[in-house]
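In our numbering, the protein residues as written are 3 to 430. Here a beta-carbon is modelled for each residue, glycine too, at the ideal position from N, C-alpha and C. One structure is given here, and the rest of the page talks about it.
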């Protein structure tokens with residue numbers, strides 16, 4: 003067997019740095035999934051948060067995404083591994099304050115909002131560094147395989163974390179359960195400390211343009227790339243609709259549909275199994291029906307999956323329906339997400355990876371504070387179910403955007419060198 007053939011058969015798993023990155027992402031996601039159950043339960047069930055307070059908490063949690071462009075520019079300027087470690091340590095420190103304040107009887111919604119801001123900022127820095135680091139960890143032709151493995155591990159971690167969160171909330175209480183998330187960030191930092199990966203040398207501070215110039219260059223780069231621009235626009239509109247729904251997702255299930263924290267965790271956990279399957283099957287499905295159709299179907303399934311939620315009532319039967327629907331939604335969402343991320347990473351200039359990702363984060367996650375505020379305003383004139391319906395209808399917009407673009411005919415991931423920027427979105 004030749005060296006070339008051995009390289010072609012190698013998978014992303016053969017790279018030690020990738021295994022460390024995957025382990026780091028999995029452990030932090032499992033911890034964050036525990037917090038995704040514990041923090042809403044803490045706010046709604048123990049602190050008796052009102053609908054307005056729930057919206058404010060969601061707003062502050064999403065607010066740091068509005069400055070993601072700065073994180074992307076810093077990611078392209080400096081080594082990414084130290085940024086990953088620092089963001090993990092900051093997140094762990096913020097989370098520890100929750101059980102400490104609860105133990106002292108001083109925990110308030112205001113503190114949860116402050117913690118949400120810190121966690122959001124740490125996540126923005128972490129995501130910009132992690133996603134832009136991946137192309138330096140694996141070969142370009144293994145990005146789809148690497149993203150599939152990351153997606154599968156993330157879905158398993160999310161599912162395990164939500165089920166563990168439900169169990170921990172019932173066993174030790176919501177506040178103490180947050181400690182699991184803090185420990186997960188510390189474990190991640192320890193893993194990343196051991197990572198060794200070559201990164202592109204950065205220029206000296208004296209030779210660099212200003213940070214604002216870096217950000218502007220990144221925005222212009224994304225705006226001039228047809229494929230990247232269209233995918234990010236679709237992601238942004240989908241994210242806005244989902245964020246309106248997610249503002250009251252936990253409140254709706256826990257308060258209006260009467261689900262217990264354990265049932266809430268099980269619904270999310272079962273849904274996560276769909277994400278595992280979607281990530282594992284993404285390369286195979288994309289190879290069969292094409293990368294473009296895979297992306298579009300994933301977007302189209304999202305608004306359809308909201309119908310059972312809008313029709314749901316209380317009781318075990320509806321909880322089973324919601325869990326199954328969420329599994330189907332996450333199956334296609336993860337498959338689509340893996341495919342569009344691999345597409346963007348493959349065709350993006352390495353020197354713009356961080357800024358490209360941060361542009362996506364700014365438009366997708368950065369719109370979430372506005373979506374949370376919109377949801378808070380809508381619920382004042384509509385009921386919670388009608389507000390969820392508005393979010394579901396908005397998710398039809400990205401489907402139209404993608405169907406109207408050349409992405410619908412794209413069958414394979416084009417390489418950056420092989421496809422001119424003006425023709426990236428055209429099927430080869």
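Item                                                                                                                                                                       : Value
Near residue 97, what residues of its chain come up, given a Cβ to Cβ distance below 6 Å and the 5 sequence neighbours on each side ignored?                               : 180, 183 and 184
Would you call the region 145-163 in contact with the region 270-284, where contact means no fewer than 3 C-beta pairs closer than 8 Å?                                    : yes
With burial defined as no fewer than 16 other Cβ atoms inside 10 Å of the residue's Cβ, what is the status of residue 416: buried or exposed?                              : buried
Using a Cβ-Cβ cut-off of 6 Å (strictly less than) and excluding sequence neighbours within five positions of residue 190, which residues of its own chain qualify?         : 26, 29, 30 and 90
Assign residue 247 to buried or exposed, taking buried as 16 or more other Cβ atoms, counted over all protein chains shown, within 10 Å of its Cβ.                         : buried
May I ask you to report which of helix, strand or coil DSSP gives residue 29?                                                                                              : helix
Run through DSSP, which three-state label would residue 317 get?                                                                                                           : coil
Rounded to whole angstroms, what's the CA-CA distance from residue 169 to residue 19? Just pull it up for me.                                                              : 33 Å
Pick from 64, 17 and 335: whose alpha carbon is nearest that of residue 397?                                                                                               : 335
Considering just the uninterrupted stretch of the alpha helix (DSSP H) at residue 248, what are its terminal residues?                                                     : 228-253
Could you give the DSSP three-state label for residue 198: helix, strand or coil?                                                                                          : coil
Buried or exposed, going by whether 16 or more other CB atoms sit within 10 Å of the CB of residue 291?                                                                    : exposed
Alpha carbon to alpha carbon, what distance is there between residue 62 and residue 265?                                                                                   : 26 Å
For residue 108, does the count of other Cβ atoms within 10 angstroms reach 16, so buried, or fall short, so exposed?                                                      : exposed
Looking only at its chain, what residues have a beta carbon closer than 6 Å to the beta carbon of residue 21, apart from the 5 residues adjacent to it on each side?       : none
Is it buried or exposed, residue 32, if we count other Cβ atoms within 10 angstroms and call 16 or more buried?                                                            : buried
From which residue to which residue does the alpha helix (DSSP H) around residue 133 run?                                                                                  : 111-139
So, with DSSP's three-state summary, where would you put residue 409?                                                                                                      : helix
Which residues in the same chain as residue 370 place their Cβ atom closer than 7 Å to its Cβ, once the five residues preceding and following it in sequence are excluded? : 64, 67, 241 and 245
Please name the residue in 401, 387 and 124 whose C-alpha comes closest to that of residue 296.                                                                            : 401
Classify residue 262 as helix, strand or coil using the three-state DSSP reduction.                                                                                        : coil
DSSP state of residue 415, grouped into three classes?                                                                                                                     : coil
Whole angstroms is fine: what's the gap from residue 75's alpha carbon to residue 220's?                                                                                   : 8 Å
Counting only the same chain and skipping the five closest in sequence on each side, list residues whose C-beta sits under 6 Å from that of residue 356.                   : 74, 77, 78, 130 and 134
Considering only residues of the same chain and omitting the five flanking positions on each side of residue 82, which have a CB-CB separation below 7 Å?                  : 131, 134, 135 and 201
Using 10 angstroms around the beta-carbon of residue 117, count the other beta-carbons present and answer buried if the total reaches 16, otherwise exposed.               : buried
Around the Cβ of residue 256, are there at least 16 other Cβ atoms within 10 angstroms (buried) or fewer (exposed)?                                                        : buried
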